[in-house]
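In full-length UniProt numbering, the protein residues as written are 1 to 365.
C-beta atoms are modelled at their ideal positions from N, C-alpha and C, and glycine is treated no differently.
Quantities reported herein were computed from a predicted structural model and do not represent experimental measurements.
Everything below concerns the one structure shown next.
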Amino acid sequence: MDEFINKLIKLTIVIQQIPAPTCAENQRGLFVRELFVNEGLADISADLLGNIFGRFPGDGNGKPLIICAHLDTVFPADTNLRITRGPKRLAGPGIGDNSLGVAGMIALIWLLREKNLRLPGDIWFVATVGEEGLGDLRGMRAVVDRFESTPIAYLALEGMALGHIYHRALGVRRFRVSALTEGGHSWGHYGRPSAVHELARLVDQLTALDLPEKPRTTMNVGVFSGGTSINTIAAEASFELDLRSEDDDALTELVQDAQSLISAANKQGVKVVSEQIGNRPSGGIPASHPLVKLAEQAIIQQGLEASLITGSTDANIPLSRGYPAICLGITTGEGAHTTGEFIHTQFIKQGMAQLLYFVENLWGY
1 MDEFINKLIK
11 LTIVIQQIPA
21 PTCAENQRGL
31 FVRELFVNEG
41 LADISADLLG
51 NIFGRFPGDG
61 NGKPLIICAH
71 LDTVFPADTN
81 LRITRGPKRL
91 AGPGIGDNSL
101 GVAGMIALIW
111 LLREKNLRLP
121 GDIWFVATVG
131 EEGLGDLRGM
141 RAVVDRFEST
151 PIAYLALEGM
161 ALGHIYHRAL
171 GVRRFRVSAL
181 TEGGHSWGHY
191 GRPSAVHELA
201 RLVDQLTALD
211 LPEKPRTTMN
221 VGVFSGGTSI
231 NTIAAEASFE
241 LDLRSEDDDA
251 LTELVQDAQS
261 LISAANKQGV
271 KVVSEQIGNR
281 PSGGIPASHP
291 LVKLAEQAII
301 QQGLEASLIT
311 GSTDANIPLS
321 RGYPAICLGI
331 TTGEGAHTTG
341 EFIHTQFIKQ
351 GMAQLLYFVE
361 NLWGY
């Protein structure tokens with residue numbers, strides 16, 4: 001097994017070294033397609049978005065299983081992807097989110113072949129695009145459009161979520177808020193409204209909204225841009241607003257409150273508009289669902305504690321359409337979405353054994 005884990009870690013690093021910003025995953029996708037070819041998968045293809053598909057044949061007596069892992073990372077193409085290794089950890093941007101998830105799909109094929117398993121249904125392995133940021137789960141939308149209710153289940157893989165079972169999809173709404181003013185010279189036209197100043201005041205008002213702790217509801221302004229120079233009254237500016245909640249009603253109320261403040265920011269000489277740039281739908285299956293129970297058993301079999309989680313993953317799309325879906329992890333780690341991201345390598349063996357148990361027992365559960 002040590003040789004297997006070392007091989008998986010090496011593949012994870014190779015994948016991590018291929019830049020894959022959201023909407024620019026092509027190079028990594030081509031590499032995964034070659035991996036699918038080398039593993040002898042059937043019906044290998046890429047769709048127009050860049051999702052990569054490959055089929056591991058079953059005996060045809062059961063529904064197919066869809067196993068997916070997203071190709072993209074949050075990091076720009078010019079990010080330094082340097083890897084650092086310790087006795088029990090591996091660090092580097094995107095190493096866990098989601099290089100290990102993608103490599104884990106390939107490693108699962110190795111395990112299935114090693115056990116010479118002939119499963120009742122096909123497994124479709126899919127490397128998806130557009131999971132992160134403004135990708136808005138576009139890759140997974142296309143996957144679910146293709147397979148719809150046919151699969152026995154959808155299983156999304158993440159590198160850093162071992163022990164968690166994501167069975168509830170977190171609703172997310174995203175907006176780009178822009179301000180336009182006349183602008184001018186910071187001295188000669190002092191007193192004219194500045195797009196930057198107006199939006200700064202609006203952000204202050206938005207962050208003063210009272211958000212409920214239960215259901216957990218959050219707000220974040222992650223990007224703020226605009227202006228021309230330090231001595232220019234900004235004629236334009238914008239920010240990107242991320243709103244989330246575990247509850248649809250709470251999210252709807254937050255969106256309405258935010259839109260009211262945005263509308264109120266319009267005044268003479270200042271035009272403020274918002275554009276929706278993301279809509280990650282909510283949904284879920286109950287804790288009592290057989291898929292959740294099987295995932296719990298798979299985790300417990302490895303001597304780990306299972307936690308039921310709400311989150312935003314590729315599983316959002318099938319869950320929002322009423323199809324059985326969960327997201328599972330391969331190991332633990334910290335620092336996701338930062339250049340200090342790292343994974344614990346000592347738990348990968350348990351994470352892969354968990355996935356194998358889940359797949360082996362799915363059709364009979």
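Assign Y323 to one of three DSSP states: helix, strand, or coil. Your numbering for residue 323 matches position 323 in the sequence shown. It is coil, neither helix nor strand.
What is the rounded straight-line gap between the Cα of G163 and the Cα of C327? Looking up residue 163 in the sequence shown gives position 163. Looking up residue 327 in the sequence shown gives position 327. C-alpha separation (whole angstroms): 11 Å.
Can you name the start and end residues of the beta strand (DSSP E) that T218 belongs to? Indexing the sequence shown from 1 puts residue 218 at position 218. T218 -> beta strand (DSSP E) spans T217 to G226.
Candidates R176, Q302, N231 and P290, of which the one nearest V255 by Cα: On the sequence shown, residue 255 is found 255 positions in, with the first residue counted as 1. Checked all of R176, Q302, N231 and P290; the closest Cα to V255 is R176.
Span of the alpha helix (DSSP H) holding Y357? By 1-based counting over the sequence shown, the position of residue 357 is 357. Run containing Y357: I348 to N361, per the alpha helix (DSSP H) assignment.
Residue 366 burial status per 10 Å Cβ neighbour count (16 or more: buried): Any answer about residue 366 is impossible in this case: the structure gives the chain only from 1 up to 365.
When DSSP labels each residue in this structure, what does S45 get in the three-state scheme? Counting from one through the sequence shown, the residue named residue 45 turns up at place 45. The answer is strand: DSSP assigns S45 an E or B state.
Identify which residue in S312, D257, L355 and S274 has its Cα closest to the Cα of D210. Along the sequence shown, read from residue 1 onward, the residue named residue 210 stands at position 210. Out of S312, D257, L355 and S274, D257 has the C-alpha closest to the C-alpha of D210.
Taking the alpha carbon of R55 as the point to measure from, which residue in V221, L41, I15 and S320 has its own alpha carbon closest? By one-based count along the sequence shown, residue 55 stands at place 55. Closest option to R55, Cα to Cα, is L41.
Residues near I109 in its chain [Cβ-Cβ closer than 6 Å; skip 5 each side]: By one-based count along the sequence shown, residue 109 stands at place 109. The answer, listed in chain order, is E39.
May I ask you to list the residues that DSSP assigns as paired with A153? For the purposes of this step, residue 153 is taken as the residue at position 153 of the sequence shown. Answer is L65.
Are T331 and L100 touching if we call contact CB-CB under 8 Å? Taking the first residue of the sequence shown as position 1, residue 331 is located at position 331. Taking the first residue of the sequence shown as position 1, residue 100 is located at position 100. Going by C-beta atoms, T331 is nearer than 8 Å to L100.
Mind checking who F53 pairs with in its DSSP beta bridge? If you number the sequence shown from 1, residue 53 lands on position 53. BP columns for F53 point to S45 and V126.
Cα-Cα separation, P57 to P120: As a first step, residue 57 must be located in the sequence shown, where it is residue number 57. As a first step, residue 120 must be located in the sequence shown, where it is residue number 120. Their Cα atoms are separated by approximately 9 Å.
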